[in-house]
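Engineer: Just so we're aligned, residue 574 is where the first sequence starts under the numbering used here, counting upward by one.
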Amino acid sequence: MSNAPEDLFKNVISHAKEYGFVFPSSEIYDGLSAVYDYGQNGVELKNNIKTYWWKAMVQMNENIVGLDSAIFMHPTIWKASGHVDGFSDPMIDNKVTNKRYRADQLLEDKVSELMSKAVEEAKVKGIATNYEDGFLSGPVSISKEQAYQDFLNLDEDYKKGRELMQKVEDSIKDDDLIGLRKLIIDYEIKDPLSKEEPDWTEVRQFNLMFSTQMGAIAGEADVVYLRPETAQGIFVNYLNVQKSGRMKIPFGIAQIGKAFRNEVIARQFIIRMREFEQMEMQYFVRPGTQRDWFEKWKEARLKWHLALGTEAAKYRFHEHTKLAHYADAAFDIEFEFPFGFKEVEGIHSRTNFDLSQHQKFSNKKMQYFDPELGPDGKPYGNYIPYVIETSIGLDRMFLLTMINAYEEEDLSTEERQDSRTVLRLHPCLAPVKAAIFPLTKKDGLPEKAQQIMDSLKIDFNLQCEEKDTIGKRYRRQDAIGTPFCITVDHQTLEDDTVTIRYRDTMQQERVNAADLQKIIGDLVSWKNLLG
RNA sequence: GCGGAAAUAGCUCAGCUGGUAGAGCAUCAGUUUCCCAAACUGAAGGCCGCGGGUUCGAAUCCCGUUUUCCGCUCCA
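Printed below as a string of structure tokens:
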């Protein structure tokens, strides 16, 4: 037992496996890298986190509704969102320096080099004075055209540069990775950071998105992607929901769902997985009000996290100063994992970028008519709404919850050493709400326990255990975070009372069996989190 | 992707300079036990990650490979 952070992380991982929370995927076949399965307790905890989020977002907000869009979507969606072009790059590694580069960029650098050499010469010869974006302009004398043509014909480097640019473009268009590598070798491209002779690997395509074929017969036209984010499913359904639900701006659409990304490096347990789950809400607002809503959602999401009782010091809030092209404000909620602060949730002001893109690519109007009167007494009229996004990684939230709840508690007294491992999960999130134990296996106690179990199991996820000493059973439930244990003893048979033992304090009290429904119900009520 | 380390029962590990696989916990069947883990008896459980090589003989030595961990690198 040790409290060092790296040990804590290791212990949580093995605890998660040992007690049926998280298993490595396909383990009996040596595993599948960066993919994990949720076990019998994991799925309960995960579902409870989802419920907490769904209730806080959808149920508690009258103007937010849910959505469950398909994982498969029309391929053009990913062109509109920028995922197709933005995140599929040919990569090449230099085995000497272990540096990785984008093959096309290396070659484009070479093109620039050749061309600027040409321009230097041209300047000397007095043909051209300017060099912009790889093209020549501004001849000093004679006919502009003439000088330019002369230059193109005369200068070897310029010709070579143009030629190479064309070849690179062709290779990329044809997905000719072997051709790209050949160009790198033929043009003797050096490692930009090393003077040594490079040893290039094959060129490999790095694709953020997974692709598959739709339809039984494979063909170019049938490629569909597994969504790399759930947000686009919301954007492309924004009109459907707005119209069918008669939604008035501002309104939100919430979705929980799987997303898929190829990561260059996917490690650190369920922090970075190829298949992961997101809980996203897109909030559509009138242009100009986005800053206020951004602040409002920042606050609301922080409160959602802190309501669970997590120490505020474990959280860090990071406002981006460098913004993505589609955002006008961005804010991360980060949690201090044992290996450092990591983003758990992002609140982003995405402007109208996505909806505008979809309007452009789909030729469908994405605008909303706002009948409300503005300060000038006229309606706001038609506009494409701005969007505030809240996006939380469910798997990261799950891990955060496990790490935060995990404790190896020292219970030693002077007489003897003792310890227990306890998951101090919030009762609302605990996989099992209560365990029911007959104190011994005879005298009708198991039957009595089963009776109580049957009367409560409609409302709560319960376990009934009669094996092993009572102490062992308590400890087993502590280890999966069960907040309450109910013990049936001989007195129960006489007066129908039981003891209820609290996980966190290990204290117990005697209550009427008939009151259990209310007692447990109050303790695990969502009111405790949402009220 | 590179470098380093590791892989033996469900878990934590032992197993030296090669000689047919071991413990504790957990599991199962009993015994005991009226409230906080490791009481008693018995049982079951292993292609020693996988493949090859050296050897009369390999968990042990060598090579390859896979997975995991730790660094570096890269990246929504």
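Idealized CB from N, CA, C, for every residue including glycine.
Quick caveat: nothing in here was measured; it's all calculated off a predicted structure.
In chain order, what are the residue ranges of uninterrupted alpha helix (DSSP H) at least 4 long that sit wholly in the region 963-1016?
Structural biologist: 967-978
Engineer: Give the single residue among N936, I976 and E892 whose Cα lies nearest to the Cα of F909.
Structural biologist: The sequence position of residue 909 within the first sequence is 336, counting from 1. A small fix is needed here, since residue 909 is Glu in this sequence, not Phe. The candidate whose alpha carbon is nearest that of E909 is I976.
Engineer: Please name the residue in D1095, S964, P801 and F926 whose C-alpha comes closest to that of D905.
Structural biologist: On the first sequence, position 332 is the one that residue 905 refers to. The option with the nearest alpha carbon to D905 is S964.
Engineer: Report back the beta-carbon spacing between A1029 and P1056 to the nearest angstrom; my notes put them in contact at under 8 Å.
Structural biologist: Counted from its first residue, the first sequence places residue 1029 at position 456. Counted from its first residue, the first sequence places residue 1056 at position 483. In the sequence on display, residue 1029 carries Leu and not Ala. That pair is no contact at about 14 Å.
Engineer: Please go through the same chain and pick out, in chain order, the residues whose beta-carbon is closer than 8 Å to the beta-carbon of N634, but skip the five residues on each side of it.
Structural biologist: Position 61 of the first sequence holds residue 634. Excluding sequence neighbours, N634 sits near G825.
Engineer: Between E736, L879, S922 and L881, which lies nearest to T894 when the distance is taken from Cα to Cα?
Structural biologist: Mapped onto the first sequence, residue 894 falls at position 321. If we check each option's Cα against that of T894, S922 comes out closest.
Engineer: Leaving out five residues on either side along the sequence, give the residues of the same chain with a beta carbon under 8 Å from the beta carbon of D706.
Structural biologist: In the first sequence, residue 706 corresponds to position 133, counting from 1. Its pLDDT being 37, under 50, D706 is placed unreliably by the model, and nothing is read from it.
Engineer: If the criterion is Cβ atoms closer than 9 Å, does the pair I961 and W870 meet it?
Structural biologist: Counted from its first residue, the first sequence places residue 961 at position 388. Counted from its first residue, the first sequence places residue 870 at position 297. Between I961 and W870, the gap from beta carbon to beta carbon is short of 9 Å.
Engineer: Within 10 angstroms of the Cβ of N614, are there 16 or more other Cβ atoms? Answer buried if so, exposed if not.
Structural biologist: As a position in the first sequence, residue 614 is number 41, starting the count at 1. Counting of Cβ neighbours within 10 angstroms places N614 among the buried residues, the total reaching 16 or more.
Engineer: In angstroms with no decimal places, state the Cα-to-Cα distance between D813 and Q932.
Structural biologist: If you number the first sequence from 1, residue 813 lands on position 240. If you number the first sequence from 1, residue 932 lands on position 359. Reading off the sequence, residue 813 comes out as Asn, not Asp. Roughly 14 Å between the two C-alpha positions.
Engineer: Closer than 8 Å is the cut-off here; do at least three beta carbon pairs connect the region 636-654 with the region 1062-1075?
Structural biologist: no
Engineer: What residue does the alpha helix (DSSP H) around Q1064 start on, and which one ends it?
Structural biologist: Sequence index remark: in the first sequence, residue 1064 carries index 491 (1-based). Element bounds for Q1064: H1063 to D1068.
Engineer: Find the nearest neighbour of V858 within the set F867, Q851 and N584, judged by alpha-carbon distance.
Structural biologist: Residue numbering aside, residue 858 sits at position 285 when the first sequence is read from its first letter. Residue F867 is the option with its Cα nearest to V858.
Engineer: I'd like the list of long-range same chain contacts for E907, defined as Cβ closer than 8 Å, with 5 residues on each side in sequence excluded.
Structural biologist: Here residue 907 is taken as the residue at index 334 of the first sequence, counted from 1. So the list reads Y888, R889, F890, H891, F914, K915, E916 and V917, once near-sequence residues are dropped.
Engineer: Measure the CB-CB distance between Y798 and F783 and report whether it falls below 9 Å.
Structural biologist: Numbered from 1 along the first sequence, position 225 holds the residue referred to as residue 798. Numbered from 1 along the first sequence, position 210 holds the residue referred to as residue 783. Their beta carbons are under 9 Å apart, which means Y798 touches F783 by this criterion.
Engineer: Quick one: what does DSSP say A827 is sitting in, helix, strand or coil?
Structural biologist: Within the first sequence, residue 827 is the residue found at index 254, counting from 1. Reduced to three states, the DSSP call for A827 is strand.
Engineer: Quick check: Q851 and L972, are their CB atoms within less than 9 Å of each other?
Structural biologist: On the first sequence, position 278 is the one that residue 851 refers to. On the first sequence, position 399 is the one that residue 972 refers to. Not closer than 9 Å, so no.
Engineer: Rounded to the nearest angstrom, what separates V776 and R735 at their Cα positions?
Structural biologist: Taking the first sequence and counting its residues from 1, one reaches residue 776 at position 203. Taking the first sequence and counting its residues from 1, one reaches residue 735 at position 162. Spanning the two alpha carbons is a distance of roughly 22 Å.
Engineer: Do you know offhand how far K816's Cα is from E591's?
Structural biologist: Here residue 816 refers to the residue found at position 243 of the first sequence. Here residue 591 refers to the residue found at position 18 of the first sequence. The straight-line gap from Cα to Cα measures roughly 49 Å.
Engineer: Roughly how many angstroms lie between the CA atoms of S714 and Y899, to the nearest whole one?
Structural biologist: Taking the first sequence and counting its residues from 1, one reaches residue 714 at position 141. Taking the first sequence and counting its residues from 1, one reaches residue 899 at position 326. Reliability of the predicted coordinates at S714 is poor, the pLDDT of 46 falling under 50, and the value obtained from them is presented with this limitation in mind. For S714 and Y899, the distance between alpha carbons rounds to 45 Å.
Engineer: Take the Cβ of S599 as the centre, count every other Cβ of all protein chains shown within 10 Å, and call the residue buried at 16 or more, exposed below.
Structural biologist: For this step, residue 599 is matched to residue 26 along the first sequence. Exposed is the call here.
Engineer: For F594, which residues of its own chain have a beta-carbon under 6 Å away from its beta-carbon, when the five flanking residues on both sides are left out?
Structural biologist: Position 21 of the first sequence holds residue 594. Answer for F594: G612, N614 and G615, listed in chain order.
Engineer: Helix, strand or coil, according to DSSP, for Q1081 in the structure here?
Structural biologist: Looking up residue 1081 in the first sequence gives position 508. Three-state DSSP puts Q1081 in a strand.
Engineer: Below 8 Å, can you find three or more Cβ-Cβ pairs linking the region 1004-1014 to the region 1023-1042?
Structural biologist: Contact between the region 1004-1014 and the region 1023-1042 is present, because at least three Cβ pairs lie under 8 Å.
Engineer: Which word fits K937, buried or exposed, when buried means at least 16 other C-beta atoms lie within 10 angstroms of its C-beta?
Structural biologist: Against the first sequence, residue 937 aligns to sequence position 364. It is exposed - the Cβ of K937 has fewer than 16 other Cβ atoms within 10 Å.
Engineer: Taking DSSP's pairing of strands, which residues face Y941 in a bridge?
Structural biologist: Residue mapping note: residue 941 aligns to position 368 of the first sequence, counting from 1. Note: Y941 sits in a beta bridge opposite Y956.
Engineer: On the DSSP letters alone, give me the boundaries of the alpha helix (DSSP H) that H878 sits inside.
Structural biologist: As a working note, residue 878 is residue 305 in the first sequence. Note, H878: alpha helix (DSSP H), Q863 to L879.
Engineer: Quick one: grab the DSSP three-state call for Y760.
Structural biologist: Position 187 of the first sequence, counted from the start, is the residue given in the question as residue 760. Correct three-state label for Y760: coil.
Engineer: Between which two residues does the beta strand (DSSP E) harbouring H891 extend?
Structural biologist: One-based indexing of the first sequence puts residue 891 at position 318. In this chain, the beta strand (DSSP E) harbouring H891 covers Y888 to E892.
Engineer: Buried or exposed: H1063, going by 16 or more other Cβ atoms within 10 Å of its Cβ?
Structural biologist: Here residue 1063 refers to the residue found at position 490 of the first sequence. Flag for H1063 reads exposed.
Engineer: What is the C-beta distance between I622 and L1002, in whole angstroms, given that I count them as a contact (C-beta under 8 Å)?
Structural biologist: As a first step, residue 622 is located in the first sequence; it is residue number 49 there, counting from the start. As a first step, residue 1002 is located in the first sequence; it is residue number 429 there, counting from the start. With 8 Å as the limit, I622 and L1002 qualify as a contact, their Cβ atoms being about 6 Å apart.
Engineer: Cα-Cα, which of K683, S744, K831 and I758 is closest to K733?
Structural biologist: Looking up residue 733 in the first sequence gives position 160. Checked all of K683, S744, K831 and I758; the closest Cα to K733 is K683.
Engineer: Taking Cβ positions, are R800 and F926 nearer each other than 9 Å?
Structural biologist: Locating residue 800 in the first sequence gives position 227, counting from the first residue. Locating residue 926 in the first sequence gives position 353, counting from the first residue. For the pair R800 and F926, the CB atoms are not nearer than the 9 Å cut-off.
Engineer: So the beta strand (DSSP E) K915 belongs to, where does it begin and stop?
Structural biologist: Against the first sequence, residue 915 aligns to sequence position 342. K915: member of the beta strand (DSSP E) spanning G913 to S922, first to last residue.
Engineer: Measuring alpha carbon to alpha carbon, tell me which of A1087, D1088, N1101 and S606 ends up nearest R845.
Structural biologist: As a position in the first sequence, residue 845 is number 272, starting the count at 1. Closest option to R845, judged by alpha-carbon separation, among A1087, D1088, N1101 and S606: S606.
Engineer: Measuring straight from C-alpha to C-alpha, what distance separates F708 and I637?
Structural biologist: One-based indexing of the first sequence puts residue 708 at position 135. One-based indexing of the first sequence puts residue 637 at position 64. Confidence at F708 is low in this model, with a pLDDT of 43, below 50, so its placement is unreliable and no value can be given for it.
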